[in-house]
Structure formats: C-alpha cells, structure tokens
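K.L.:
Residue numbers (the working numbering): 40 to 122. Glycine residues also receive a C-beta, built at the ideal position from the N, C-alpha and C atoms. The structure displayed is predicted, hence computed values, not measured ones. Shown below is the structure under consideration.
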C-alpha cells in the first residue's frame, strides 16, 4: 500500500494518467492532494504547472474542491464526489 500527500494551492490542475483499477475521487476543503493505492506504485509529481498522478491498482484521491481535473484512463469503476 502506498500513500502520498502534496500541499497545493486552492485551484491546482491534476492530471490522472492511469488507474488500472477503481478510482474514487473526492473534493474537499483542504489545500492538499492526498492519494492512496493498495498497489506498490503511486507517483504524484508537481512540475509547477500541473500535478500528474499515476498508480498500478485502485486509487483513492482527495483534491481541493476547485481543482481542475483531467483523467486519461480509469479501467475500473469511477466515483467522483464533493464533500
């Protein structure tokens, strides 16, 4: 199991590249991205313009509510919600 947390601004751009399993994404009030996978690979990289995320299994991720999100591939079920 891998977990990562990254402090970000209120409106980050998150690009999820690949989730080979299920994706559960939740918007929250925090100024951070928190990601967890039950696999062994979790990459959360900030290049200054956008944050990229990829993993090798199911993914649970929390992002600021005003985040801009793009998802290339989620092979399993996807759940998106705002708290």
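If you follow the beta strand (DSSP E) that residue 46 is part of, which residue opens it and which one closes it?
P.N.:
41 to 46
K.L.:
For residue 99, which residues in the same chain have their Cβ closer than 6 angstroms to its Cβ, ignoring the five residues on either side in sequence?
P.N.:
63, 75
K.L.:
Which class does residue 59 belong to by DSSP, given the choice of helix, strand or coil?
P.N.:
If DSSP states are grouped into helix, strand and coil, residue 59 belongs with coil.
K.L.:
Pairs of beta-carbons, one from the segment 78 to 87 and one from the segment 101 to 115, closer than 8 angstroms: are there three or more?
P.N.:
no
K.L.:
Spatial neighbours of residue 48 within its chain, please: CB distance less than 7 angstroms, with the 5 preceding and 5 following residues excluded, ordered by chain position.
P.N.:
70
K.L.:
So, helix, strand or coil for residue 73, using DSSP?
P.N.:
Three-state DSSP puts residue 73 in a strand.
K.L.:
Taking the alpha-carbon positions, what's the residue 95 to residue 72 distance?
P.N.:
18 angstroms
K.L.:
Mind checking residue 113: buried by the 16 CB within 10 Å criterion, or exposed?
P.N.:
Per the 10 Å Cβ criterion, buried.
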